[in-house]
Amino acid sequence: AQSVTQLDSHVSVSEGTPVLLRCNYSSSYSPSLFWYVQHPNKGLQLLLKYTSAATLVKGINGFEAEFKKSETSFHLTKPSAHMSDAAEYFCVVSDLNRDDKIIFGKGTRLHILP
Amino acid sequence: KAGVTQTPRYLIKTRGQQVTLSCSPISGHRSVSWYQQTPGQGLQFLFEYFSETQRNKGNFPGRFSGRQFSNSRSEMNVSTLELGDSALYLCASTYHSGSLNEQFFGPGTRLTVL
């Protein structure tokens, strides 16, 4: 069975400092992994996706994520936080060639301090 | 290409009433999933429809039901509304390819039960 764990429910960083949002997954097969962002009162927007190609995935707005199979992790990073990055972030796993279930993490709320 | 649309965007009902929410997926997408988002529980999967058939179901009571039409549009119905049903209901259409299941989300319907 697949699952996804976002290790922090809240993360606070100062503007201009690096962002790290952690995600660990469990999957029996080759997973597809995604990060979504949700700004207040807005829908979910895809940030980036991993689909067994390059392990370092670049997304929109300067975000990146690295797939580490040995650590079953897919952490989201950004070198320098901006005030507009304040939002909730969801890590998502979907198994290939299985029942196509898509599992969301519980989310990490990112706070940007001025 | 138009995105996922959901109607209505906002809805206020009273306990005991029923409600029907509508979702139109992206053209060509045959799968529609529904999620409930609340501050306490996060994003919870309700059900998924593919080609007019319910393919996956989350852990919600039978008061929550859905259907999908031949044009892939989907409706979700909640009967005998309870206060706890107040939430943002998100619909997502899924693009299935050989190596990727990517969801595209609508803006959501915010339901308030009084």
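In order, the protein sequences belong to chains X and V.
Residue numbers for the first sequence, in this note's numbering: 563 to 676.
Residue numbers for the second sequence, in this note's numbering: 243 to 356.
For glycine and all other residues, C-beta sits at the position ideal for the given N, C-alpha and C.
Given the structure is predicted, the values throughout are model-derived calculations rather than measurements.
Which runs of the beta strand (DSSP E), 3 residues or longer, sit entirely within the segment 595-666 of chain X?
Listed in chain order, they are 606-612, 618-620, 626-630, 635-640, 649-657 and 664-666.
Cβ-based burial, Met645 (chain X) [other Cβ within 10 Å; buried from 16]
Exposed is the call here.
Cross-chain neighbours of Leu288 (chain V) in chain X, by beta carbon under 7 angstroms
The premise fails here: Leu288 (chain V) is roughly 12 angstroms from chain X at the closest Cβ pair, so nothing lies under 7 angstroms.
The segment 601-629 of chain X: which residues have C-beta closer than 9 angstroms to a C-beta of chain V, in chain order?
Within the segment 601-629 of chain X, the residues whose Cβ lies closer than 9 angstroms to some Cβ of chain V are Asn603, Lys604, Gly605, Leu606, Gln607, Leu608, Lys611, Thr613, Ser614 and Ala615, listed in chain order.
Classify Phe311 (chain V) as buried or exposed, calling it buried when 16 or more other Cβ atoms lie within 10 Å of its own Cβ.
Around the beta carbon of Phe311 (chain V), fewer than 16 other beta carbons lie within 10 angstroms, which makes this residue exposed.
Nearest-angstrom Cβ-Cβ length linking Leu353 (chain V) and Leu253 (chain V), presumed shorter than 8 angstroms:
At roughly 5 angstroms, the Cβ-Cβ gap stays under 8 angstroms, so Leu353 (chain V) and Leu253 (chain V) are in contact.
Assess, as a yes-or-no matter, whether the segment 573-581 of chain X is touched by the segment 314-333 of chain V under the definition of 3 or more beta carbon pairs within less than 8 angstroms.
Result no; under three Cβ-Cβ pairs closer than 8 angstroms.
List in chain order: all unbroken beta strand (DSSP E) runs of 3+ residues lying wholly within the segment 257-317 of chain V.
You should have 261-266, 273-280, 284-292, 295-299 and 306-310.
Note down the Cα distance separating Leu675 (chain X) from Ile665 (chain X), rounded to an integer number of angstroms.
Our two residues, Leu675 (chain X) and Ile665 (chain X), have alpha carbons roughly 30 angstroms apart in a direct line.
Could you round the C-beta distance between Tyr651 (chain X) and Val599 (chain X) to whole angstroms and report it? I think they count as a contact, below 8 angstroms.
At roughly 5 angstroms, the Cβ-Cβ gap stays under 8 angstroms, so Tyr651 (chain X) and Val599 (chain X) are in contact.
Chain V within 9 angstroms of Phe636 (chain X), Cβ atoms only:
Using a CB distance cut-off of 9 angstroms, Phe636 (chain X) does not count as an interface residue toward chain V.
When you compare the CB of Ser275 (chain V) with every CB in chain X, is at least one pair closer than 9 angstroms?
At least one chain X Cβ lies under 9 angstroms of Ser275 (chain V).
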